[in-house]
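Undergrad: Protein chains in written order, with my numbering: chain A, 782 to 995; chain B, 782 to 995.
All residues carry an ideal CB built from backbone N, CA and C; glycine is no exception.
Below are the structure tokens for one structure; questions will follow.
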DNA sequence: GTCTATAATGAGATAGAC
DNA sequence: GTCTATCTCATTATAGAC
């Protein structure tokens, strides 16, 4: 849950605005956090905040861009594992970690669309990319003979895995009443996604899965 | 997609307010619909609207109550099927229909919590009931020897089925960019949920499933 | 029960001095 | 870059006549 390294560009104040916004948004959602609150959290004046971001939606867009690049970084790291079959579990874990750090993006989709309609197409594009990545991972598992499934079954699996993962945080919060999400909740979500694949595992896949849980 | 029968209690104006609100909320979400718009849609004055509902959140709460009773009605109808194994598919279909008629409740969870914090506990309670119903249905399928699964597998299935169903509408809208949701999209969602159970089907279960698809 | 005002609020945003 | 002061505006909500 460590906050990002020195990867935010621009002035120091701008960086602090983004960090404070991310935290406040994660706590209560962009619609429920006013520009005045953000300014107070950064200990600057509201007028100053509007020097750096002329509109509130520009803060959201800047945060979304950062999330986007983080997601691509996770996907790239997964590829770096080359042929090690553990990479699938690592990829899933990396994905869930990001969802936690940027949970307001997963939880407040409706109000984000309202505040920043321009993000609509980018959210969809990112989701398409995500589907592709999951599909590639599942096909990779098939090629490595970890699972056995028809193309139709794989497509169902991709969509189901994507939905479970994407809405897991919101599910815990709104349907389970879990306010403070911990590492265990994240792991639970990952294993919930994994459970989709269990019926399709080959003996080799089963061995790998039981190794991991030790 | 037919609007509900004469089941709304109270005055005629009150009923019309609820109907107009439901439609507007489904289109654009409660946070994006002003009381002025609702009054205009009903062709009454805004002051009059505030005679029937002193706060905007009371409209949301009244609509939620109606949704609640509809959901219980669907569950009761499913029980009326007694032992016919087709009831599981019918139950699923009834559930998806409700999710379509009340899609704003599924789509705008965050802004609804903001506008009406008092609904939080009731949403959670309703979701608990929903889990129970799904669990009972899955256990019923097991007793009828339609599926074979361990208790742990069943619990995974219940959670996954619930998440896929609950977030299906939002998934189509926000991640697939589907603006106008049709009957086909609803059926797609239902079959996506069904796909979770396919690996666990017994021969009897498979026969039933293939009969249904004709 | 319904209407015509109009008050009260609180948020996003800007101008211009320092 | 930062601040103070102010503006605009949408929205909820109320008072009181009909």
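1. Scan the stretch 910–985 of chain B and note each continuous alpha helix (DSSP H) run of 4 residues or more that stays entirely inside, going in chain order.
2. In chain A, which residues lie with their C-beta within 8 angstroms of the C-beta of residue 945(B)?
3. Between residue 873(B) and residue 940(B), how many whole angstroms is the CB-CB distance? I'm expecting something under 8 angstroms.
4. Starting from residue 832(B), follow the alpha helix (DSSP H) in both directions and report where the run begins and ends.
5. Using DSSP with H/G/I as helix, E/B as strand and the rest coil, what is residue 991(B)?
6. Give the interface partners of residue 905(B) over in chain A, defined as CB-CB distance under 9 angstroms, in chain order.
7. Verify the contact flag: residue 851(B), CB atom, against every heavy atom of the ligand PLP, threshold strictly below 7 angstroms.
8. Assuming residue 1012(B) is part of the alpha helix (DSSP H), what are its boundary residues?
9. Helix or strand or just coil, what does DSSP make of residue 813(B)?
10. Using the C-alpha atoms, what's the distance from residue 812(A) back to residue 793(A)?
11. What do you reckon, are the CB atoms on residue 841(A) and residue 924(A) nearer than 8 angstroms?
12. I'd like to know if residue 986(A) contacts chain B, where contact means its C-beta is closer than 8 angstroms to some C-beta of that chain.
13. Establish whether the CB of residue 887(B) and some CB of chain A are separated by less than 8 angstroms.
14. In terms of residue numbering, what span does the alpha helix (DSSP H) encompassing residue 891(B) cover?
15. When you compare each of 947(B), 955(B), 952(B) and 954(B) to residue 952(A) by their alpha carbons, which one comes out closest?
16. Considering only their Cβ atoms, is the gap separating residue 875(B) from residue 855(B) smaller than 8 angstroms?
17. Taking residue 812(B) as the query, report the chain A residues whose CB atoms sit under 9 angstroms from its CB, ordered along the chain.
18. With distances taken from CA atoms, which of 945(A), 816(A), 944(A) and 943(A) is nearest residue 833(A)?
19. Using the beta-carbon of each residue, which ones in chain A are nearer than 7 angstroms to residue 908(B)?
20. Checking 8 angstroms against the spacing of the C-beta atoms, do residue 802(B) and residue 844(B) come in under that value?
21. Pull up the distance between the alpha-carbon of residue 926(B) and that of residue 987(B), whole angstroms please.
22. Run the CB neighbour count on residue 891(A), radius 10 Å, all protein chains shown included, and call it buried at 16 or more, exposed below.
23. Can you give me, in chain order, the residues of the stretch 921–942 of chain A that have a beta carbon less than 7 angstroms from any beta carbon in chain B?
24. For a cutoff of 8 angstroms on Cβ pairs, would you count residue 980(A) as touching chain B?
25. Look at residue 943(B) and residue 966(B) and say whether their C-beta atoms are less than 8 angstroms apart.
26. Would you report the Cα separation of residue 806(B) and residue 954(A), rounded to the nearest angstrom?
27. State the CB to CB distance for the pair residue 945(A) and residue 981(A), rounded to an integer number of angstroms; the pair is presumed to be in contact (CB under 8 angstroms).
28. Output, in chain order, the set of chain B residues within a Cβ distance shorter than 9 angstroms of residue 973(A).
29. Keeping to the same chain, check which residues put their C-beta closer than 8 angstroms to that of residue 921(A); ignore five residues upstream and five downstream.
30. Are residue 979(B) and residue 962(B) touching if we call contact CB-CB under 8 angstroms?
31. Helix, strand or coil for residue 792(A)? Go by DSSP, reduced to three states.
32. With residue 881(B) as the anchor, note down where its alpha helix (DSSP H) starts and where it stops.
33. What separation, rounded to the nearest whole angstrom, lies between the Cα atoms of residue 814(B) and residue 808(B)?
34. Tell me, please, whether the CB atom of residue 991(B) is closer than 8 angstroms to any CB atom in chain A?
TA: This is what the structure gives:
1. 932–951 and 964–978
2. 941, 944 and 945
3. That pair is no contact at about 16 angstroms.
4. 827–833
5. helix
6. 955, 956, 957 and 958
7. The ligand PLP is not among the ligands present in this structure, which contains no ligands whatsoever.
8. Limits of chain B in this structure are 782 at one end and 995 at the other, which puts residue 1012(B) out of reach.
9. helix
10. 25 angstroms
11. no
12. no
13. no
14. 890–896
15. 947(B)
16. yes
17. 812, 891, 892 and 895
18. 816(A)
19. 956
20. yes
21. 11 angstroms
22. buried
23. 937, 940 and 941
24. yes
25. no
26. 23 angstroms
27. Contact flag wrong, Cβ pair sits at about 15 angstroms.
28. 937, 940, 941 and 944
29. 869
30. no
31. coil
32. 868–882
33. 9 angstroms
34. no
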